[in-house]
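Below: one structure, written as structure tokens.
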Amino acid sequence: MKLAFRFATILLVLGAVLTGAQESPKYLHISTNPSYAEAYVGSMRARIASNPDVDLPGFIKVPAGESSILVTIFKPGYKDTSIAVTLSQADTSYLIVSLTPSYDDEHLQYQQKALMHRSRRNIGHKLIAISAVPLIASGITALIASNEIDEANSKKDIIEKSLIREGKEYEANQESFKDHRKNANTSRNIAIGTLVAGGIFLGCGIVLSF
-10 MKLAFRFATI
0 LLVLGAVLTG
10 AQESPKYLHI
20 STNPSYAEAY
30 VGSMRARIAS
40 NPDVDLPGFI
50 KVPAGESSIL
60 VTIFKPGYKD
70 TSIAVTLSQA
80 DTSYLIVSLT
90 PSYDDEHLQY
100 QQKALMHRSR
110 RNIGHKLIAI
120 SAVPLIASGI
130 TALIASNEID
140 EANSKKDIIE
150 KSLIREGKEY
160 EANQESFKDH
170 RKNANTSRNI
180 AIGTLVAGGI
190 FLGCGIVLSF
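-10 is the number of the first residue of the sequence shown in the working numbering; add one for each residue after it.
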């Protein structure tokens, strides 16, 4: 009897665990009046200098098992609105928030400065991403330059060790040496130029991203 009871208890626990593991996340749809705002999830204060978690109107994904969520809504020219939302039993909950205009000059100035800061940070992140292109190009052309230098040195050794210093083969080796040396110099200059350009993009991006 005790064994059967324990077995039943284990089955119930396993069932509860499996049910919890299979529980689907819920969604909260928020729209505002006036429309088009930004939502920051899990914070009592809008981190305006950072990009929003969700652009409104839009859906916010709520982790499985959570019954409430804290959202702060931001729109330029309006007061920040923080709401602790208790979700319904349905898979998707809907919320409409009326925003209140702000007439506080200090608060409005803070919003504008924070938005400018965000804009600079976004530009910085884009410059960092863009810097990858010339830096990769620099690495590739540096490898090409190294290969051309090796080829030029190889032809140079052949020319210097050649006992016959005339004829088509000798002249072909000379021309090949000149071509490889020219290609090496061109590739090296490109590698340096793209490295400098990539460094400038990367440096400016890092500075602006803070």
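The beta carbon of each residue, even a glycine, is placed where N, CA and C say it ideally should be.
Would you mind giving the Cβ-Cβ distance between residue i and residue j, rounded to the nearest angstrom? I have them listed as a contact below 8 Å.
i	j	result
I19	P46	7 Å
L116	G194	3 Å
S165	K144	5 Å
A53	P14	5 Å
Are residue i and residue j close, meaning C-beta to C-beta below 7 Å?
i	j	result
I181	N162	no
V51	A28	no
N22	S71	no
F48	Y83	no
L184	S120	no
T75	S32	no
T89	K68	yes
H106	S198	no
What's the call for residue i, buried or exposed, on a 16-neighbour Cβ count within 10 Å?
i	result
P123	buried
K150	exposed
H187	The question names His, yet the displayed sequence has Gly at residue 187. The residue is buried, with at least 16 neighbouring Cβ atoms inside 10 Å.
K157	exposed
V196	exposed
T81	exposed
I189	exposed
In this structure, what does DSSP give as the bridge partners for residue i?
i	result
E140	Answer is none; E140 lacks a bridge partner.
P90	Y67
N22	S87
S127	Note: S127 sits in no beta bridge, so no partner.
> So does the stretch 50 to 59 actually touch the stretch 93 to 105, counting three or more Cβ pairs closer than 8 Å?
Replying inline: no
>> For the stretch 133 to 152 against the stretch 107 to 114, do three or more pairs of beta-carbon atoms, one drawn from each stretch, fall closer than 8 Å, so that the two count as touching?
In response: Taking 8 Å as the limit for Cβ pairs, the verdict is that the stretch 107 to 114 does not touch the stretch 133 to 152.
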